[in-house]
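For the sequence shown, position 82 (counting from the first letter as 1) is numbered 1230 according to our numbering, and the numbering increases by one without interruption.
Below is one structure, written out as structure tokens, with a few remarks after it.
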Amino acid sequence: MRADPAEYSLVSPGTLRAVLSLLAGEPARWLPIAGGTDVMVLYAAGKLPNRNLIDIWNIPDLRQIEVFPDRIRIGAACTYTALREQEIVSREFPLLATAAAWTGGIANQNRGTLGGNIANASPAADSLPPLLVYDAELTLISVRGERRLPYRDFHTGYKKTALAADELIRDISLPRRFAGYFSHARKVGARNAQAISKVCLAALGQITNGTIRDVRLALGSVAPVPLRLNETERVLTGKKIDSSLIETARKNAVSEIRPIDDIRSTARYRAAVAGNLVAEFLAKLATAGMDA
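This is how it looks when you write it as structure tokens:
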């Protein structure tokens, strides 16, 4: 059953203040839309429940990437193409740049936005595990003011978030302190391009004299929310990498995740792949430590 355009309305206030005013007046009525790569899929299938949309695509406050000495701040309506083309993102946050290149095709990257991916809250989204390992912080705004929230606290359940009905994601901040880390990203899907992940991994590691000083692991498509492997990280930190530790990490990673059977894969396959991806990362991290 396809949607009937006559049943929908779209307004384009043009300013952030006007958008927030609309959301404050009738918070349950309006759905913000930027690139629309997720919203329009539901619309085309006749499954979009919101009938009133607010265009936030051309609001300059939401489209900037700002660089500060201690962090970068990415406007929520920045596209994946903008992320791919921003030199500092590629140099200091390569996991995010890689995820941007993984997301759909060129057309989707030209329209899809980082804030939209966050708000859509799919546990299979490629860009979300990098935000976890980079300790991202969100700025949420409304007419009531603004609040900052660690990204790790944003997802509260499957397709559920801490975003209030009258709030908008304004920007995403990433601290500039990961330049000395080894980074590794892997995506497993049905094909090499334009495929939703069966499992994806974003990982950072810092190793000195064979000992892991810090390690950060996040997985997508293995739980109701994008997942940071906190327990596996704890087991690894301060240890020297050998075959025994790699096997322990593999088992710990599998015990932390909650994969499901769905149209794209099975829980059993996802668990096996997740363990293998963590093991692969640790083997590469060990090699990087020897080469340093």
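A virtual CB, placed ideally from N, CA and C, is assigned to each residue, including glycine.
As the structure is a computational prediction, the values presented were derived from the model and not from experiment.
Going by DSSP, what residue range makes up the beta strand (DSSP E) through E1214? I1213 to V1215
Could you pull the start and end residues of the alpha helix (DSSP H) that G1264 belongs to? L1262 to N1268
Residue burial classification, E1174 (beta-carbon count within 10 angstroms, cutoff 16): Label assigned to E1174: exposed.
Quick one: give me the first and last residue of the beta strand (DSSP E) that T1356 is part of. V1347 to T1356
Output yes if chain B places a C-beta closer than 8 Å to the C-beta of G1293; else output no. In the structure shown, chain B cannot be found, because there is only a single protein chain.
Using 10 angstroms around the beta-carbon of A1176, count the other beta-carbons present and answer buried if the total reaches 16, otherwise exposed. Looking at its Cβ environment, which holds fewer than 16 other Cβ atoms inside 10 Å, A1176 is exposed.
Thinking C-alpha only, which one of G1223, Y1228 and A1419 is nearest A1273? Y1228
Using the C-alpha atoms, what's the distance from P1372 back to F1105? With the chain covering 1149 to 1440 only, the question about residue 1105 has no answer from this structure.
Return the chain-ordered ranges of every beta strand (DSSP E) run that is complete within the stretch 1152-1202 and spans a minimum of 3 residues. 1157-1159 and 1178-1181
Just checking my contact of G1263 with I1317 at CB under 8 Å: how many whole Å lie between their CB atoms? 4 Å
C-beta contact flag for G1223 and L1210 at 8 Å: yes
Please name the residue or residues paired with D1362 in a DSSP beta bridge. The bridge partners DSSP lists for D1362 are Q1354.
Report the rounded CA-to-CA distance for S1321 versus D1301, giving the unit in angstroms. 14 Å
Burial state of S1275, where buried means 16 or more other Cβ atoms lie within 10 Å: With 16 or more other Cβ atoms within 10 Å, it is buried.
Output the boundary residues of the alpha helix (DSSP H) element that contains P1298. First-last for P1298: G1293 to P1298, but that is the beta strand (DSSP E), not the alpha helix (DSSP H).
Using the three-state DSSP reduction, which class does P1323 fall into: helix, strand or coil? strand
Do you know how far the Cα of Y1191 is from the Cα of A1401? Going by the C-alpha atoms only, they are around 37 Å apart.
Give the secondary structure of S1275 by DSSP, where H, G and I count as helix, E and B as strand, and everything else as coil. coil
Using the DSSP secondary-structure output, state which residues sit across from A1336 in a beta bridge. Just to set this straight, residue 1336 is Val in the shown sequence, not Ala. Note: V1336 sits in a beta bridge opposite V1347.
For L1375, which residues of its own chain have a beta-carbon under 6 Å away from its beta-carbon, when the five flanking residues on both sides are left out? L1367
Report the option in L1179, R1259, P1278 and Y1306 whose CA atom is closest to the CA atom of L1243. P1278
Could you spell out where the beta strand (DSSP E) holding L1393 opens and where it closes? Here L1393 belongs to no beta strand (DSSP E); instead the alpha helix (DSSP H) covers S1391 to E1404.
Can you give me the start and stop residues for the beta strand (DSSP E) that I1222 sits inside? R1219 to G1223
Residue range of the beta strand (DSSP E) that includes I1289: E1285 to S1290
For G1337, collect the residues of the same chain with a Cβ closer than 7 Å to its Cβ; drop the 5 residues on either side in sequence, then sort them by chain order. A1343, I1344, S1345 and K1346
Report the option in S1369, R1398, S1392 and V1370 whose CA atom is closest to the CA atom of E1381. R1398
Assigned secondary structure, G1437 (DSSP; H/G/I helix, E/B strand, else coil): The answer is helix: DSSP assigns G1437 an H, G or I state.
When burial is assigned at 16 or more other CB atoms within 10 Å of the CB, is E1155 buried or exposed? exposed
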